[in-house]
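> Here it is, the structure, as structure tokens.
Protein chains: 2
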Amino acid sequence: MERFSSISMAVVRRLPKYHRYLGDLLNNDVRRVSSQELSKITGFTASQIRQDLNCFGGFGQQGYGYNVDELYNEIGKILGLDRLYRTIIMGAGNVGRAIANYTFFDKSGFKVIGIFDSNPQVVGNSIKDMTVMPFSSVESFVQENPVDIGVICTPREQSQSVAEALVRCGVKAIWNFAPTDLKVPDSVIVENVHLSESLFTISYLLKEHEELEKKKK
Amino acid sequence: MERFSSISMAVVRRLPKYHRYLGDLLNNDVRRVSSQELSKITGFTASQIRQDLNCFGGFGQQGYGYNVDELYNEIGKILGLDRLYRTIIMGAGNVGRAIANYTFFDKSGFKVIGIFDSNPQVVGNSIKDMTVMPFSSVESFVQENPVDIGVICTPREQSQSVAEALVRCGVKAIWNFAPTDLKVPDSVIVENVHLSESLFTISYLLKEHEELEKKKK
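Just so you know, the sequences run in chain order A and B.
Per the working numbering, residue 36 is the first one in the first sequence, and the count goes up by one each step.
Per the working numbering, residue 36 is the first one in the second sequence, and the count goes up by one each step.
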């Protein structure tokens, strides 16, 4: 993903955390915050925070700290949260339905405008006021309804061909929940959520933790 | 998480990928593989792969490469996939239901033994042959049914108190889907799946991509 970003992806991945914590402060009517205070809340060091925010032009004022409202809005803009993203979901199984129903995304400007599936028994069903359409209709749908993000929630076996269909339609970004590494042109943004890898990290750590406990005895 | 692992978390997070690719090779009846071939498939460099696998004792033989079956099983053992993990799901909303129905986890040894929710209208419903229980019964449930992993799928507001209940019950690992950073004792493993942060990374990259395109014109 590094190829897309002029600043380090590590910084990019911290921005949503800043945004979330600043939103909390706003909700609690906190108007200004120092990098030291932000450090306590976020767990990042104060110098890390100052460095991160300096990547986008400095927002803070020495002796004053940051204006919470301003910083929240600026980070929102940097994250591209000041516009609407038209999204389609490929695969209306458990994960696809969960994503479709996740209201938080709606509120943040990610609007699901279509859901597709390959299973004739699922096509035609309703999910959140939308009728599930067949995979075969995705290209004509996207021609009439521009799409920013395609979410792949299919089984692994279908994911590559679905990704290729999305790329043919001109979809620029893929949020991939299938446990596989998609092969797409370099110009297409792919963000993976590999749940099994996340879960296997837990099993690894649990196992190591138990072995350590045994050794202690 | 680093505190739990004697080897770097970066290596740990690559292991599930090796495991997945080796499983593919096995399914295609490939019996042996060189680090160069693994490099082509995984996208990691051959020397990275050799280094990673050497962390756990060398598995390959010079001039022969790796025995796929053996390496697959060994990595499975390292990941702790040779045993059963009893799992409970806290929060029977969209995400909780999706996780409960995700058969892959079952097959990998992660068995959901209980689902809990705070909403009286949800408690008593059936999900995958299980009756949703109230949050208030989780402590007595865990006393009778030892639990390895608690999956938090509640709204953000409930997530901290649910995490604290799990810790009181002695649950050693938390898979957290709530968009928040839980405060738990150092001895408890927490693995976060922060979907909104993943999605905001896409919006950031899309925005940057579009700005670049505009500059080109």
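Note that the Cβ used here is the ideal one computed from N, Cα and C, for glycine as well.
Because the structure is a prediction, the values reported are computed rather than measured.
Do C204 (chain B) and G126 (chain B) have their C-beta atoms within less than 9 Å of each other?
Not in contact: C204 (chain B) and G126 (chain B) (Cβ atoms no closer than 9 Å).
> How big is the Cα-Cα spacing for C90 (chain B) and S153 (chain A)?
Approximately 43 Å between the Cα atoms of the pair.
> Taking 8 Å as the cut-off, does the segment 123-137 of chain A touch the segment 180-187 of chain A (at least 3 CB pairs, one atom from each stretch)?
These segments touch.
> Are the beta-carbon atoms of V158 (chain B) and A198 (chain B) separated by less than 9 Å?
No, they are not a contact pair.
> What alpha helix (DSSP H) runs, 4 residues minimum, are completely inside the segment 114-161 of chain B?
List check, alpha helix (DSSP H) in window: 129-136 and 138-142.
> Would you call the segment 128-136 of chain B and the segment 100-109 of chain B in contact, with 3 or more CB pairs under 8 Å?
No, because fewer than three Cβ pairs between the segment 128-136 of chain B and the segment 100-109 of chain B fall closer than 8 Å, the two stretches do not touch.
> Give, in chain order, every residue of the segment 55-71 of chain B whose Cβ lies closer than 7 Å to some Cβ of chain A.
Residues R55.
> Go ahead and pull the three-state DSSP assignment for T185 (chain B).
The sequence given here has Gly at residue 185 (chain B), not Thr. In this structure, G185 (chain B) counts as strand in the three-state DSSP scheme.
> Excluding the five sequence neighbours on either side, which residues of its own chain have a C-beta within less than 7 Å of the C-beta of S43 (chain A), listed in chain order?
Within the same chain, S43 (chain A) has no close Cβ partners at all.
> Compile a chain-ordered list of the residues in the segment 225-241 of chain A whose CB is closer than 8 Å to at least one CB of chain B.
The segment 225-241 of chain A vs chain B, Cβ under 8 Å: E226, V228, H229, L230, S231, E232, S233, L234, F235, T236, I237, S238, Y239, L240 and L241.
> Buried or exposed: which applies to K52 (chain B), given that a residue is buried once 16 or more other Cβ atoms fall within 10 Å of its Cβ?
With 16 or more other Cβ atoms within 10 Å, it is buried.
> Name the chain A residues that come within less than 9 Å of S143 (chain B), Cβ to Cβ?
Per Cβ cutoff of 9 Å: S231, L234, F235 and S238.
> Going by the DSSP bridge assignment, what does T166 (chain B) pair with across the sheet?
Note: T166 (chain B) sits in a beta bridge opposite B:S161.
> Counting only C-beta atoms, is T215 (chain B) closer than 9 Å to chain A at any point?
For T215 (chain B), the answer is yes, since a Cβ of chain A falls inside 9 Å of its Cβ.
> Could you give the residue range of the alpha helix (DSSP H) that holds N89 (chain B)?
Taken as a continuous stretch (DSSP letters only), the alpha helix (DSSP H) holding N89 (chain B) covers A81 to N89.
> For Q156 (chain B), which residues in the same chain have their Cβ closer than 6 Å to its Cβ, ignoring the five residues on either side in sequence?
For Q156 (chain B), where only same-chain residues beyond five positions count, there are no Cβ hits under 6 Å.
> Kindly list, in the order they appear in chain A, the residues whose Cβ is closer than 7 Å to that of F139 (chain B).
Within chain A, the residues near F139 (chain B) are S231.
> Would you say Y101 (chain B) faces chain A, with C-beta separation under 9 Å as the test?
Cβ-Cβ to chain A under 9 Å: no for Y101 (chain B).
> Where does N63 (chain B) land, buried or exposed, given buried means 16+ other C-beta within 10 angstroms?
With fewer than 16 other Cβ atoms within 10 Å, it is exposed.
> Let me know the secondary structure DSSP gives E226 (chain B) once reduced to three states.
E226 (chain B): strand per DSSP, three-state reduction.
> By how many angstroms is the C-alpha of I237 (chain B) removed from the C-alpha of E37 (chain A)?
Because E37 (chain A) carries a pLDDT of 46, less than 50, the predicted location of this residue cannot be relied on, and the following value inherits that uncertainty. Rounded to whole angstroms, E37 (chain A) to I237 (chain B) spans 12 Å at the Cα level.
> Would DSSP call Y99 (chain A) helix, strand or coil?
Y99 (chain A): coil per DSSP, three-state reduction.
> From the beta carbon of E243 (chain B), is the nearest beta carbon of chain A less than 9 Å away?
Yes, contact with chain A.
> Does the beta-carbon distance from H54 (chain B) to L116 (chain B) come in below 9 Å?
Result yes, Cβ atoms of H54 (chain B) and L116 (chain B) sit closer than 9 Å.
> I want to verify the contact list: residues of chain E whose CB lies under 7 Å from the CB of I187 (chain A), in sequence order.
No chain E is present in this structure, whose protein chains are A and B.
> Checking contacts by CB at 9 Å: is M44 (chain B) closer than that to chain A?
Closer than 9 Å: yes.
> Could you have a look at A208 (chain A) and say whether DSSP puts it in helix, strand or coil?
In the structure shown, A208 (chain A) sits in a strand (DSSP, three-state: E or B).
> Return yes when the Cβ of R67 (chain A) is within less than 9 Å of the Cβ of G100 (chain A), no when it is not.
Contact: yes.
> Could you give the first and the last residue of the continuous alpha helix (DSSP H) run that contains A45 (chain A)?
M44 to N62 is the extent of the alpha helix (DSSP H) around A45 (chain A).
> At a CB-CB cut-off below 8 Å, which residues of chain A make contact with D183 (chain B)?
The answer, in chain order, is L241.
> Check this for me: beta carbons of L294 (chain B) and G98 (chain B), under 9 Å apart or not?
It is not possible to answer for residue 294 (chain B), since the shown part of chain B is limited to 36 through 252.
> Apply the 10 Å Cβ neighbour rule to G92 (chain A) and answer buried if 16 or more other Cβ atoms are within range, or exposed otherwise.
When all chains shown are included, G92 (chain A) counts as exposed.
> Whole angstroms is fine: what's the gap from L73 (chain B)'s alpha carbon to A208 (chain A)'s?
Their Cα atoms are separated by approximately 27 Å.
> Considering L73 (chain A), what are the terminal residues of the alpha helix (DSSP H) in which it resides?
Per DSSP, L73 (chain A) belongs to the alpha helix (DSSP H) from S70 to T77.
> Report yes if the CB atom of F212 (chain A) is closer than 9 Å to the CB atom of L230 (chain A), and no otherwise.
Closer than 9 Å, so yes.
> Residues in the same chain with beta-carbon distance under 7 Å from T80 (chain A), minus the five sequence neighbours each way, listed in chain order, please.
The answer, listed in chain order, is S74.
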